Structure formats: structure tokens, C-alpha cells
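Numbers given in the working numbering equal positions in the sequence shown, counted from 1, plus 67.
Note that beta-carbon positions come from the ideal geometry of N, C-alpha and C, so glycine has one too.
Remember, it's a predicted structure, so these values are computed and weren't measured experimentally.
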Amino acid sequence: MNDGSDDHASVEMLNATLDDCRHGAMDANGVAIDLIGQVNAGPSAARNRGIAAAETPFVVVLDGDDRLRPAFIERTLSMLSADKTMVAASGWLQTFGVLESVVQPTGGNAAAFVSHNCCPATCMIRRAAWERCGGYDESMRGDTTPPPVKPS
């Protein structure tokens, strides 16, 4: 998902990816790439557009300045598949750059999510939960956490 970034390095990487997509390229694992672009409307709008285009029951939300460990998708998918009540899964974060540290999100129930940020923006979410709550609030133009799930 190209969120309309004007960051030079991001634009160059996206242009190279778009060229590969036009030529039917696949990533190293043989997965086809579908690049969606839009004008910069903030991270919430970009996430909503990307998730709406997905045809899978689970979606990974990945910020452009984040990286996933090689087993992230398999491990979080396993957790979400095993517990149908879970709506999002993430993991510890290792920061790099200005701050070098390990952040250990606490997770928890809906009350924990309301009171403090207990799940990083980069996570795997259950697409149905995103649909039930109406997606990310697009008036939030800063970094956001997974959307809260309305009780059923």
C-alpha cells in the first residue's frame, strides 16, 4: 500500500516495485505483489484502503519504517487461528536508529486497549473485526493502533 509518501527513499522503492509488478514479477517466495496507491491521506486511510482490498481473513498492518522477523506471520497466524476470540496479535519490538531497545507490549482485553497502547501499530488483525468496527478512524492522522472491536 503506497500511502502517498513523499519520502525520497520510499518513492524510489515503490517505483522499483511498481516496475516489477508491471512485468508480472513475484517476490522471492513466488507471491504476486499487488501495489495500491493513493494520495497521502494519513496512515488510517492507507490501512483502510489496503485492508479493504485484501481478500484474506487475516491482514498484517506494517508501517513503512518497521520490519518483521522471518517467522512473524506464521507465529501470529497460528495464535489467531487457535483462539477465535483474539482479534489482533503482535510481538515484542526491537527499536533501531535513534533509540535501541526492546519494547514488550502487554496485550490484553478491550479495557486495556482503551487505557493505554498495549499493541503496536504493526500487527496481524482479523479482517472481520476490522469490518465490524468500521475500520481505522481516518480523522486520526498520526500513528494508530488496531481499531477497537465493538462488543457483539
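(message) If contact is defined by three or more beta carbon pairs under 8 Å, each pair taking one atom from either stretch, is the stretch 162–176 in contact with the stretch 198–210?
(response) no
(message) Going by DSSP, what residue range makes up the alpha helix (DSSP H) through M146?
(response) 139–149
(message) In whole angstroms, give me the CA-to-CA distance for D150 and G71.
(response) 35 Å
(request) Would you mind working out which of N82, P172, V78 sits nearest C190, comparing C-alpha positions? (result) P172
(message) For a quick check, are the C-beta atoms of M68 and G117 less than 8 Å apart?
(response) yes
(message) If I follow the unbroken alpha helix (DSSP H) through R116, where does it start and stop?
(response) 110–120
(message) Measuring alpha carbon to alpha carbon, tell me which residue in N176, T143, N115 is nearest R199.
(response) N115
(request) Inspect the beta-carbon positions of R194 and T143 and report whether they are closer than 8 Å. (result) no
(message) Check for me: the beta strand (DSSP E) holding R199 runs from which residue to which?
(response) Premise fails: R199 lies in the alpha helix (DSSP H), 194–200, not in any beta strand (DSSP E).
(request) Give the DSSP-derived three-state secondary structure of M191 in the structure shown. (result) strand
(request) Could you tell me which residues DSSP pairs with G104 in its beta bridges? (result) N69
(request) State buried or exposed for L147, treating a residue as buried only when at least 16 other CB atoms are found within 10 Å of its CB. (result) buried
(request) Using three-state DSSP, classify L81 as helix, strand or coil. (result) helix
(message) Can you tell me whether T211 is helix, strand or coil according to DSSP?
(response) Residue confidence for T211 is low, a pLDDT of 47 falling below 50, so the modelled location carries little weight; the figure read from the coordinates is stated next. T211 falls in the coil class under three-state DSSP.
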